[in-house]
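Engineer: Structure in structure tokens, see below.
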Amino acid sequence: MRLAADAAHQFGGIELDRSSPLRFKLNGRPIDAFAGDTVLTATLAAGIDGYGTLGDTPIGLSDRFAPLVTAKSVPPLPMELVPAVDGVEFTSVGRHKRKWFGREPTLCHRLETLPDAPWLRVEPVRTLETDLLVIGGGVAGLAAADAAAADGHRVLLAERHPWLGGDARYFGPVGDDETPEAVIARLVAQLKVRSNVTVLTRADVFGLQPGEARLHRVVVEGNAVRGEVVAVRALRVVLATGAVQRLPVFPGNRAPGVLTAIGAYHLAKRYGVSVGPSAIVATQSNHGYRLAMRLSDAGVKIGRVADTRIHPQSRFIDFAKAAGLTLASGQYPVAAEGGRITLAHTEGPAASTVFEASQLIVSGPWQPDLSLWMLAGGGIRWTPERNALIASGQVPQVAIAGSAAGYRSMPACLTSGVGAVAQVFGGAAEPIDDAEPGTAYETPDGPTLAAPLSPELPSFLDAGRTLAVRPAQGPGKPTARAHAAALGDVAASVELGLIAPADAGAIAEERGAPGADLLASAWRPAPDPAPAGDEVPAWLAHRFGDAPKRVHLIVDAQRRFAVGTLIYPPGTRPHPESAIGVIVETAAVGGIGLIDGASEADRFVLETPAGPSPARIARP
Amino acid sequence: MSKGYDFAIFGASPLATLLAGLLAYDHGRQVLLIADPPSAERLPRQIDIALPFATRPQSWRLFREAEAETRAVLGTIDAAQHLVPRTVEIVADRAGTAIALAHMSEMARAFGVDARGGRFHRVTRLEGEISARDSRAQMVGPAAIGFDLTGDRPARLTVSGEAVEVGQLVLADDAAILANLPERQWPSLLAAQAMTATLTSPAKRLAAPVMRYPDRGVTLAQRADGSVLGLVDGADSVEIRLASCLPGPFPLQRRATTHFQRVITSDGAPAIGRLDPSQLFVIAGLGDAGAFTAPPLARLLAGASTDAEADWFAAHALTADRAAIADLSESVA
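Just so you know, the sequences run in chain order A and B.
Take 719 as the starting number for the first sequence in my numbering and just add one per residue.
Take 1047 as the starting number for the second sequence in my numbering and just add one per residue.
So, in structure tokens, the structure goes:
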């Protein structure tokens, strides 16, 4: 549903132009939208929140898991990046059930196999050269781009989303600090007037190696939408790729209507969309309360805010209480299915309560997005202090900034962006203070709790396209779809005890940087000649005495002996350890044998596949 | 007061786990197994198949007898379901390798393996983990271990900072050797070799579930979903050598890749025995069949070898005159 245009906290959608309504079709169904919408946000606003089914399990549509869409004049492009265009008939790419033109609130895809992004194997249409490539347009990336440009360097900033600023607005201001809105507006304005900065939005960097990156960009020119692959030559790279909010692990956690808090925030703030009129919010951090309050103010009925922590303290919790929200500490979701959400107590008896709401918003832990860091050759390790995989080691000319580097506070993210520029250009970086004023009096984020397994509903390890499922067998059994695991899947696996913390970094690296596709190869080793003359290969040396001799063995004018056939003296039990020789070379008749030099026999028995065969030394 | 052990076994491989279990359970020894339980999610670093890449009859006899005994042992610990018969095909590109393969095939047939034209049928493959939980061996993670290998004296061990008396320290697999044996103490017989493990997306069916291309340094194992695990020797031309062994369809996506090292011997034969001055007992060069050699190794360490086993191990000691045991090299890359 669409929130009111004048909803509180700008939850009417800051990207939208409500004066420009439009209509497009998706899979034959008309979808109403506004200028500024993406195909995904308009689809969600139209009440279609299902992607399809994995087996019999319904899977929700979200900004982290949506299909490619295509149209007559539009190549397959990410649904979450393609703008809604009036009059265009879009089709979602992938396998559908037969009834995909139906009225169900789902795109009806079958999700057992997902199509690869076609641009991954496309050659770039052009190459851009720059002194510094900044990947990520959150506050750290903006600060890095601004600092490098101020020093006179050419900068290219690539941001995957249609907007700049990242997730900073979700967390809001702290104390008397400059607000995220003000910081972002200031930095964006500064970049706009710098002639040595190029900012590309809807630009997803998918390849990174020393000196060159590749990005795929959705280009919007009027009503025309196209995709292009661009190579970027840059000796230096700042990775400000942010962090991804993970999905808590519980049965039904990928059902339609289950959203991460950051996903729900951007839907509302950017596009004025709520996946239904009511919500249960489940959190393990204080910012979940902030979102619940804002959604409530914007007209979403908040049934309950459940917190895994027991009696947590926070200014946001005090505000939520004052706003009349129902709060429940020590509770967490244990199932979600068809609008029915089950919450249970984290301690004590297994009693649970079922709520009905159109959406379950879950505020899970954060995992730094280090996918490109691994592609660049960087290492990864698990840190129990953060319950996350963090970067380890160094990559020449590549620096990490912001929440990708593990920083939490906005001032630290800003400073780290500037510091990352200093790092790659050889300057001195300022010390980074990551303390958040006032947080000493607030309860820290709680641990991630995994709900018990359900025989009916699978629990997914995270919200991405890997669809990795928590195994029913417990530790020691590979997770279903384990070898497609992403960082969030690996982090969840560590928390669930499925993989050892010491192995987590290696597992993430294995999957995070698997290398380019293998191409057909006709490679063959250079031929070597067979051992010639009397040369005895090392693996045969001394097997038949220190001075074996070569003899030509025959039995008649026709029979030939295969290489490897063992030679025995007559009357000996044919067992390899009692052999006195072996055929080492084929011959026109018989075969060339290597026999013990001390043997004076001239009659032998050879063990062939057809049975024992007599043989004698051929006379010259 | 420090606790004492007869053996401290370093290693998380099936061989190390079985060895610790057999020494503790069958031979009644006090055993400390130093290993982090391996995560099933990690890419395998080896393929455990009971097919020695060897031509020497004494080695074949030891391996075949050990395989039969290992099967029985796994049956007693409810792990028999991890043993599956698989066809293994070895492809020779070079003439010399084809001849060696012919000798190996003859030896395999002589020891009861159905071998025809480079294909070895019903070879036992270990697919699954061996748990050390019920083995009576005490387990501890490497992080708790202190290991003093300085000076010309036997190695000394501490567990959680406390000195521990150990009768024999055993480096039971490649990872244990690579992690614990300082470079200066490596005998010239042993070398570390770069390896790459890759898991592809589902590919066309391989000619056999396990394929070995010794001249290209590639071993392939196809999984039930069609994906292929490829182990590639060496660091050069890894992708094109791997792709040359794969049936397509191309381009073939790589799902996961990892780089690691293994230990090889310069003469292609296993190397088993004590190293001076550390007195570490090293087990190396057993190849794909290593997991099936735990019973005779346990007897060797417990001083209970048969005469034939004792002869074989004496010939394969690190310090022995090894000219008469050189065998097929595990790697030519």
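Even glycine gets a Cβ: it sits at the ideal position worked out from N, Cα and C.
Could you tell me which of B:L1321, B:L1172 and B:L1108 sits nearest to B:G1121, measuring between CA atoms?
Structural biologist: Here residue 1121 of chain B refers to the residue found at position 75 of the second sequence. With distances taken between Cα atoms, B:G1121 lies closest to B:L1172.
Engineer: Output, in sequence order along the chain, the residues in the segment 1158-1190 of chain B whose CB is closer than 7 angstroms to any CB in chain A.
Structural biologist: E1175
Engineer: So if DSSP puts A:V843 in a beta bridge, which residue, or which two residues, is it bridged to?
Structural biologist: Translated into the one-based positions of the first sequence, residue 843 of chain A becomes position 125. DSSP output for A:V843 lists no bridge partner at all.
Engineer: From what residue to what residue does the alpha helix (DSSP H) around A:L1350 run?
Structural biologist: The structure shown has nothing for residue 1350 of chain A, since chain A only spans 719 to 1338.
Engineer: Name the two residues that bound the continuous beta strand (DSSP E) containing A:M797.
Structural biologist: For the purposes of this step, residue 797 of chain A is taken as residue 79 along the first sequence, with counting starting at 1. Counting along the chain, A:M797 falls outside any beta strand (DSSP E), and DSSP gives it neither H nor E.
Engineer: Give the residues of chain B in contact with A:S1239, contact being defined as C-beta atoms less than 7 angstroms apart.
Structural biologist: Position 521 of the first sequence, counted from the first residue, corresponds to residue 1239 of chain A. Correct list: I1286, A1289 and S1290.
Engineer: Taking the continuous beta strand (DSSP E) assigned at A:S1110, which residues delimit it?
Structural biologist: Locating residue 1110 of chain A in the first sequence gives position 392, where the first residue counts as 1. Note, A:S1110: beta strand (DSSP E), A1106 to S1110.
Engineer: Between the alpha carbons of A:Q1141 and A:G1057, how many angstroms are there, rounded?
Structural biologist: Indexing the first sequence from 1 puts residue 1141 of chain A at position 423. Indexing the first sequence from 1 puts residue 1057 of chain A at position 339. Their backbone Cα atoms lie some 49 angstroms apart in a straight line.
Engineer: In its own chain, which residues sit with a C-beta less than 6 angstroms from the C-beta of A:V1139, not counting the 5 before and 5 after it?
Structural biologist: Counted from its first residue, the first sequence places residue 1139 of chain A at position 421. Cβ neighbours of A:V1139 beyond the five flanking positions: A862, A865 and A866.
Engineer: If I measure Cβ to Cβ from A:A753 and keep anything under 6 angstroms in the same chain, skipping five residues before and after, which residues do I get?
Structural biologist: Your numbering for residue 753 of chain A matches position 35 in the first sequence. Cβ neighbours of A:A753 beyond the five flanking positions: D735 and S738.
Engineer: Quick one: does A:T669 have its CB under 8 angstroms from some CB of chain B?
Structural biologist: No information on residue 669 of chain A is available, as it lies outside the stretch 719 to 1338 that chain A covers here.
Engineer: Determine the direct distance from the alpha carbon of A:P1243 to that of B:S1290, and round the result to whole angstroms.
Structural biologist: For this step, residue 1290 of chain B is matched to residue 244 along the second sequence. For this step, residue 1243 of chain A is matched to residue 525 along the first sequence. Between B:S1290 and A:P1243, the C-alpha separation is close to 10 angstroms.
Engineer: Taking A:L1258 as the query, report the chain B residues whose CB atoms sit under 8 angstroms from its CB, ordered along the chain.
Structural biologist: Numbered from 1 along the first sequence, position 540 holds the residue referred to as residue 1258 of chain A. For A:L1258, the C-beta contacts it makes with chain B under 8 angstroms involve T1101 and H1149, in order along the chain.
Engineer: Which one of A:G990, A:E1055 and A:R1008 has the shortest CA to CA distance from A:A1040?
Structural biologist: Sequence index remark: in the first sequence, residue 1040 of chain A carries index 322 (1-based). It is A:R1008 whose Cα lies nearest to the Cα of A:A1040.
Engineer: Under a three-way DSSP split, which group does A:T756 fall into?
Structural biologist: Locating residue 756 of chain A in the first sequence gives position 38, counting from the first residue. Three-state result, A:T756: strand.
Engineer: So if I threshold CB-CB distances at 9 angstroms, which residues from the segment 1073-1106 of chain B count as touching chain A?
Structural biologist: D1082, P1083, P1084, S1085, A1086, E1087, R1088, L1089, A1100, T1101, R1102, P1103, Q1104 and W1106
Engineer: Taking the Cβ atom as the reference point for each residue, do B:A1240 and B:I1176 lie within a distance shorter than 8 angstroms?
Structural biologist: Translated into positions along the second sequence, residue 1240 of chain B becomes position 194. Translated into positions along the second sequence, residue 1176 of chain B becomes position 130. For B:A1240 and B:I1176, no; Cβs fall outside 8 angstroms.
Engineer: Quick check: what's the CA-CA separation for B:L1332 versus B:A1148?
Structural biologist: One-based indexing of the second sequence puts residue 1332 of chain B at position 286. One-based indexing of the second sequence puts residue 1148 of chain B at position 102. Whole-angstrom Cα-Cα distance: 21 angstroms.
Engineer: Check for me: the beta strand (DSSP E) holding A:E1228 runs from which residue to which?
Structural biologist: The count along the first sequence starts at 1 and reaches residue 1228 of chain A at position 510. Per DSSP, A:E1228 belongs to no beta strand (DSSP E); it is in the alpha helix (DSSP H), P1219 to G1230.
Engineer: Excluding the 5 residues preceding and the 5 following B:A1238 in the sequence, name in chain order all residues of the same chain whose CB lies nearer than 7 angstroms to its CB.
Structural biologist: For this step, residue 1238 of chain B is matched to residue 192 along the second sequence. Same-chain partners within the cutoff: L1224, Q1307 and V1309.
Engineer: With DSSP as the reference, please indicate the residues paired to A:F808 in a beta bridge.
Structural biologist: Taking the first residue of the first sequence as position 1, residue 808 of chain A is located at position 90. A:L744.
Engineer: Rounded to a whole number of angstroms, what is the C-alpha to C-alpha distance between A:P1114 and B:F1099?
Structural biologist: For the purposes of this step, residue 1114 of chain A is taken as the residue at position 396 of the first sequence. For the purposes of this step, residue 1099 of chain B is taken as the residue at position 53 of the second sequence. Answer to the nearest angstrom: the Cα atoms are 42 angstroms apart.
Engineer: How big is the Cα-Cα spacing for B:A1379 and A:L977?
Structural biologist: Here the question's residue 1379 of chain B lines up with position 333 in the second sequence. Here the question's residue 977 of chain A lines up with position 259 in the first sequence. The pLDDT assigned to B:A1379 is 48, lower than 50, so where the model puts this residue is not dependable, and the model offers no usable value.
Engineer: CB-CB under 6 angstroms to B:Q1268, same chain, minus the five flanking residues each way: which ones, in chain order?
Structural biologist: Residue mapping note: residue 1268 of chain B aligns to position 222 of the second sequence, counting from 1. Once the five neighbours on either side are set aside, the close Cβ partners of B:Q1268 are L1252, P1255 and V1274.
Engineer: Roughly how many angstroms lie between the CA atoms of B:V1205 and A:R839, to the nearest whole one?
Structural biologist: Residue numbering aside, residue 1205 of chain B sits at position 159 when the second sequence is read from its first letter. Residue numbering aside, residue 839 of chain A sits at position 121 when the first sequence is read from its first letter. Their Cα atoms are separated by approximately 52 angstroms.
Engineer: Just to make sure I have the definition right: I need the residues of chain B whose C-beta is within less than 8 angstroms of the C-beta of A:I1225. Which are they?
Structural biologist: Taking the first residue of the first sequence as 1, we reach residue 1225 of chain A at position 507. Chain B residues near A:I1225: S1085, E1087 and R1088.
Engineer: Between A:G1309, A:R964 and A:P1232, which has its C-alpha nearest B:R1301's C-alpha?
Structural biologist: By 1-based counting over the second sequence, the position of residue 1301 of chain B is 255. Ranking the options by Cα distance to B:R1301, first place goes to A:P1232.
Engineer: Give the DSSP bridge partners of A:A1024, in chain order.
Structural biologist: Counted from its first residue, the first sequence places residue 1024 of chain A at position 306. According to DSSP, which records beta bridges pairwise, A:A1024 is partnered with A:A1000 and A:A1046.
Engineer: For B:G1314, return the contacting residues in chain A, with the cut-off set at a CB-CB distance below 9 angstroms.
Structural biologist: Within the second sequence, the letter at position 268 stands for residue 1314 of chain B. Those are A1256 and W1257, listed as they occur along chain A.
Engineer: Does any C-beta atom of chain A lie closer than 8 angstroms to the C-beta of B:I1223?
Structural biologist: Here residue 1223 of chain B refers to the residue found at position 177 when the second sequence is read from its first residue. No, because no Cβ of chain A sits closer than 8 angstroms to the Cβ of B:I1223.
Engineer: Please report the Cβ distance between A:V811 and A:T848, rounded to the nearest whole angstrom; I am assuming they are in contact, meaning their Cβ atoms lie under 8 angstroms.
Structural biologist: For this step, residue 811 of chain A is matched to residue 93 along the first sequence. For this step, residue 848 of chain A is matched to residue 130 along the first sequence. Not really, about 32 angstroms apart at Cβ, beyond 8 angstroms.
Engineer: Using a C-beta cutoff of 8 angstroms, does B:D1124 count as contacting chain A?
Structural biologist: Here residue 1124 of chain B refers to the residue found at position 78 when the second sequence is read from its first residue. Chain A contact via Cβ: absent.
Engineer: With a 10 Å radius around its C-beta and 16 neighbouring C-beta atoms as the bar for buried, classify A:K1339 as buried or exposed.
Structural biologist: Nothing can be reported for residue 1339 of chain A: it is not among the residues displayed for chain A, which extend from 719 to 1338.
Engineer: If we define contact as Cβ-Cβ less than 8 angstroms, is A:T1184 a contact residue for chain B?
Structural biologist: Locating residue 1184 of chain A in the first sequence gives position 466, counting from the first residue. Not closer than 8 angstroms to any Cβ of chain B, the Cβ of A:T1184 fails to qualify, so no.
Engineer: Scan the segment 1194-1270 of chain B and note each continuous beta strand (DSSP E) run of 3 residues or more that stays entirely inside, going in chain order.
Structural biologist: 1202-1205, 1208-1217, 1236-1246, 1256-1259 and 1264-1268
Engineer: Can you tell me the Cα-Cα spacing of A:E1065 and A:Q963, whole angstroms?
Structural biologist: The residue labelled residue 1065 of chain A in the question sits at position 347 within the first sequence. The residue labelled residue 963 of chain A in the question sits at position 245 within the first sequence. Cα-Cα distance, rounded: 25 angstroms.
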